[in-house]
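A.B. asks:
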Amino acid sequence: HILHRAIAGDAFHDSADRYPQPRCHPDTRLKMLDMLRDWAHGKGPPKNWTAEDHDLAPEDLEFCEDQGSRLLWLNGPAGSGKSAISQSFCQKLQADSLLGGSFFFKRGDPLRGNVKKLFPTIAYQLALLSPSFNHFVSQRMESDPAIVDRSLVNQLQALIVEPCRNSAPPQPVIIVIDGLDECEGHDIQEEILRSVAHAMHEEHISLRFFVASRPESHITEIFREPALEKFHHSLFIDQSFKDVRKYLEDEFNRIRREHRFTMATIPSPWPSSGTIEDLVEKSSGYFIYAATVIRFIDDKNFRPTDRLETVLGIKECDSESPFDSLDQLYLQILSLVPLNSRSQLLRILTVIAAELWLHPFHIDQLLELKMGDCHLILRGLHSIISVPGPEHGIDRGYISIGHHASFLDFLNNPIRSGTFFVGGTQQRMELAGDILNALSYKDSDYPLPPQYAGQHVAW
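Take a look at the structure:
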């Protein structure tokens, strides 16, 4: 096909490069996938619905009156399972003949991270579905081969919108864009969304878009702009402790079966229900921690019982860390903070590692930063650190890591966190000095809450 040289075939949902693709574990996220399928067929989603509602029956939910939402934004913190949900959704769409095309971004990949490949790749997939679409897009490429080097909005218009206008499929098809936050740069991510918003104003094209990303502040702000706000629904992937528990139970049963020789003398149940509950709690209701644990324990070169003891901290690890992949995720996210703000970030992380839960304004005062610095420095870390917005008062909002309980272990372990280690005696002594210094202020607009003084001055 004339578009073939301009596409990223590895970005397809069923590409060999992504095999085995991440997808939802059987019997998990069932209600959520049902809701997504309803949206794909023009129904819903429910008002103010999040994934924590996955146990509710459809009849218990109040559906949106607007049945024509043309854009659905699936968002959740790092490791919440967005790509797995996107993959499973693509498979369901394909089974229903509703998948128009897909693009799974991957940070740093020369093809999957290249935004110039996005709309040509989607246009190529649409062309495979429709001979009439193929005819129109081929004509456009022959008359202007350089269209693939134009601005994103022009690419989308020429390669997708105009051919769709002239060759509309019999029913609306869905375009899936996963990992928007993984493509190159904030400006590019915003340009993609604005290009899609421009296409949403076309009344005579039967396309709908599904976008999955972390809820980074710059992406959230774009979705709040008038051009997109009225055209989209937003679904947040909240914790699902029940699904994580189901996943761990099933995977431990599988490991026991497949490691039958080394597990032959281990009494049932293994592991104990208490151990599983500890792991579920540590996961914060997200799959990345649980999947990391299972991958480590399932190594055919080791005894699963020994590997589990390593995860639980009972036994020293004599090879790689159980949490290498999780640590790389944390390191990659923390590295997004500019180098000139790194020293202030480490001081803020020291406060977090000490479990001194404060409002960002209180941290500004505690560390003698300029008012608003804490917000700015943590702006790109919302996928692992929850930062209260302006709507939360100083007395009610505080920084938390509710989505990633294991992040505290990371910060307090020098081997895991490396240059981001903040759990040492020196850092705690400096923080104690900061607390004593802040408590000495008499006329502060944002006084340090007194209940923290006795808890954190003496270590």
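Numbering (full-length UniProt numbering), first residue to last: 1 to 459. Using N, Cα and C, we set each Cβ at its ideal position, and we do this for glycine too.
Expressed to the nearest angstrom, what Euclidean distance is found between the alpha-carbon atoms of V244 and Y289?
C.D. replies: 9 Å
A.B. asks: To which residues of the same chain is G100 closer than 8 Å at the C-beta, ignoring the five residues directly before and after it?
C.D. replies: I122, Q125, L126, L129, P169, V173, I174, I175, L207
A.B. asks: In angstroms with no decimal places, state the Cα-to-Cα distance between H375 and I363.
C.D. replies: H375 and I363: Cα-Cα distance of roughly 10 Å.
A.B. asks: Using a threshold of 7 Å, is the CB atom of L312 nearer than that to any non-hydrogen atom of the ligand PLP?
C.D. replies: The model depicted lacks the ligand PLP and carries no ligand whatsoever.
A.B. asks: Comparing the C-beta of M32 with each C-beta of chain B, is any distance below 8 Å?
C.D. replies: In the structure shown, chain B does not exist; there is a single protein chain.
A.B. asks: Under a three-way DSSP split, which group does R140 fall into?
C.D. replies: Look at R140 here: in three-state DSSP terms it is helix.
A.B. asks: Any contact of the region 237 to 255 with the region 220 to 227, i.e. 3+ C-beta pairs under 8 Å?
C.D. replies: No, they do not touch.
A.B. asks: Can W357 and V211 be called in contact, C-beta distance under 8 Å?
C.D. replies: If you check the CB distance, W357 and V211 do not come in under 8 Å.
A.B. asks: Compare the Cα-Cα distances from K43 to each of C90, R70, A291, D306 and report the closest residue.
C.D. replies: Of the residues C90, R70, A291, D306, the one whose Cα lies closest to the Cα of K43 is R70.
A.B. asks: Note down the Cα distance separating S341 from L349, rounded to an integer number of angstroms.
C.D. replies: 12 Å
A.B. asks: Need the endpoints of the beta strand (DSSP E) that H232 sits in, please.
C.D. replies: 232 to 236
A.B. asks: Could you give the C-beta distance for D373 and Q332, rounded to a whole number, given that I count them as a contact under 8 Å?
C.D. replies: So it is not a contact: roughly 23 Å between Cβ atoms.
A.B. asks: Expressed to the nearest angstrom, what Euclidean distance is found between the alpha-carbon atoms of Q67 and W39?
C.D. replies: Note that Q67 scores 41 on pLDDT, short of 50, meaning its location in the model is unreliable and no value can be drawn from it.
A.B. asks: Quick check for students: name the residue ranges of the alpha helix (DSSP H) that lie wholly in the region 264 to 352, counting only runs of 4 or more.
C.D. replies: 273 to 283, 287 to 297, 304 to 311, 324 to 334
A.B. asks: Go to R254, then tell me how far its alpha helix (DSSP H) extends in each direction, as first and last residue.
C.D. replies: 241 to 258
A.B. asks: R347 to P388, Cα distance in whole Å?
C.D. replies: 19 Å
A.B. asks: If you draw a straight line from the C-alpha of T310 to the C-alpha of F241, how long is it?
C.D. replies: 23 Å
A.B. asks: Roughly how many angstroms lie between the CA atoms of I237 and E355, to the nearest whole one?
C.D. replies: 25 Å
A.B. asks: Within 10 angstroms of the Cβ of K82, are there 16 or more other Cβ atoms? Answer buried if so, exposed if not.
C.D. replies: By the 10 Å Cβ count, K82 comes out buried.
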